[in-house]
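These notes concern the structure reproduced below.
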Amino acid sequence: MIDVKIKRVKTDVLVIGGGGSGARAAIEASKYVDSVHLVMKGSFGKTGCTPIALGGLAVPFGHADNRDNWRVHFMDTLIGGGLLNNQRLVEILCKEAPERVMELEKWGCAFDRSDSKYYQRQLGGHSYPRTITSGDKTGREMMFGLVYQCEIRKNVH
3 MIDVKIKRVK TDVLVIGGGG SGARAAIEAS KYVDSVHLVM KGSFGKTGCT PIALGGLAVP
63 FGHADNRDNW RVHFMDTLIG GGLLNNQRLV EILCKEAPER VMELEKWGCA FDRSDSKYYQ
123 RQLGGHSYPR TITSGDKTGR EMMFGLVYQC EIRKNVH
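In terms of the numbering used here, the sequence shown is numbered consecutively and its last residue is 159.
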């Protein structure tokens, strides 16, 4: 029989998953509680889908086409989801995307730019070019900033 030692911890918030969503949830929770614990199968910053994501983020900055805005992004997302999406969550996603990208940059993530504007690519399902990238390592770049933010917070474990 294998002897397994189980570590028990007391925490205010338990986040399951150490990818981009889990890291961001831990950062947000750390503002409101004394103790946040992240649990994951692999190494933090290297586990989950985010670190291996090659694509980009759909953000309606309108740098490539000034007709783009959160409302157009909202409709594209609803249509792409076959109208099965939670419309309130899609609205939050589309409205907050620019602010979240600027937050990631403040935390150390670097996205491709040209003349101080984001380089925005056209991808399927989008009415206008709105996908921003960090070369072919967008997910890894995002995790760099998210992991750092978790590490500097004394209440995230």
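Glycine included, C-beta positions come from ideal geometry on N, C-alpha and C.
Fair warning: this is a prediction, and the values are worked out from it, not measured in the lab.
Worksheet item: Below 8 Å between beta carbons: does that hold for Val-61 and Val-103?
Response: One-based indexing of the sequence shown puts residue 61 at position 59. One-based indexing of the sequence shown puts residue 103 at position 101. In contact: Val-61 and Val-103 (Cβ atoms closer than 8 Å).
Discussion item. I need the straight-line Cα distance from Pro-131 to Asn-68, nearest angstrom please.
Written reply: As a position in the sequence shown, residue 131 is number 129, starting the count at 1. As a position in the sequence shown, residue 68 is number 66, starting the count at 1. Distance between the alpha carbons of Pro-131 and Asn-68 is about 10 Å.
Worksheet entry | Under the three-state DSSP convention, the category His-75 falls into | For the purposes of this step, residue 75 is identified with residue 73 of the sequence shown, where counting begins at 1. Helix at His-75.
Worksheet item: So, is Tyr-120 buried or exposed, given that buried needs 16 or more other C-beta atoms within 10 angstroms?
Response: The residue labelled residue 120 in the question sits at position 118 within the sequence shown. Classification for Tyr-120: buried.
Item to complete: Assess, as a yes-or-no matter, whether the segment 20 to 38 is touched by the segment 146 to 157 under the definition of 3 or more beta carbon pairs within less than 8 Å.
Response: yes
Fill in: DSSP state of Thr-52 mapped onto helix, strand, coil
In the sequence shown, residue 52 corresponds to position 50, counting from 1. Residue state, collapsed to three classes: helix.
Worksheet item: Closest by CA to Pro-100, which one among Ala-31, Leu-16, Asn-71, Leu-86?
Response: Sequence index remark: in the sequence shown, residue 100 carries index 98 (1-based). For the residues Ala-31, Leu-16, Asn-71, Leu-86, the minimum Cα distance to Pro-100 belongs to Asn-71.
Worksheet item: Opposite Lys-119 in the DSSP bridges: which residues?
Response: Reading the sequence shown from its first residue, position 117 is the one you call residue 119. Answer is Ser-116, bridged to Lys-119.
Worksheet item: Quick one: what's got a C-beta closer than 7 Å to Gly-58's C-beta in the same chain, skipping five residues either side?
Response: Here the question's residue 58 lines up with position 56 in the sequence shown. Taken in chain order, the residues that qualify are Arg-123, Thr-133, Ile-134, Thr-135, Thr-140.
Discussion item. Check for me: the beta strand (DSSP E) holding Ile-4 runs from which residue to which?
Written reply: To locate residue 4, count along the sequence shown from 1; it is residue 2. Looking at the DSSP string, Ile-4 is not in any beta strand (DSSP E), and its letter there is neither H nor E.
Worksheet item: So is Met-145 buried or exposed if we call it buried at 16+ other beta carbons inside 10 Å?
Response: Numbered from its first residue, the sequence shown carries residue 145 at position 143. Under this definition Met-145 is a buried residue.
Worksheet item: Thinking C-beta only, is Val-41 closer than 8 Å to Arg-80?
Response: Here residue 80 is taken as the residue at index 78 of the sequence shown, counted from 1. Here residue 41 is taken as the residue at index 39 of the sequence shown, counted from 1. For clarity, residue 80 is Leu in the given sequence; the question names Arg instead. For Leu-80 and Val-41, no; Cβs fall outside 8 Å.
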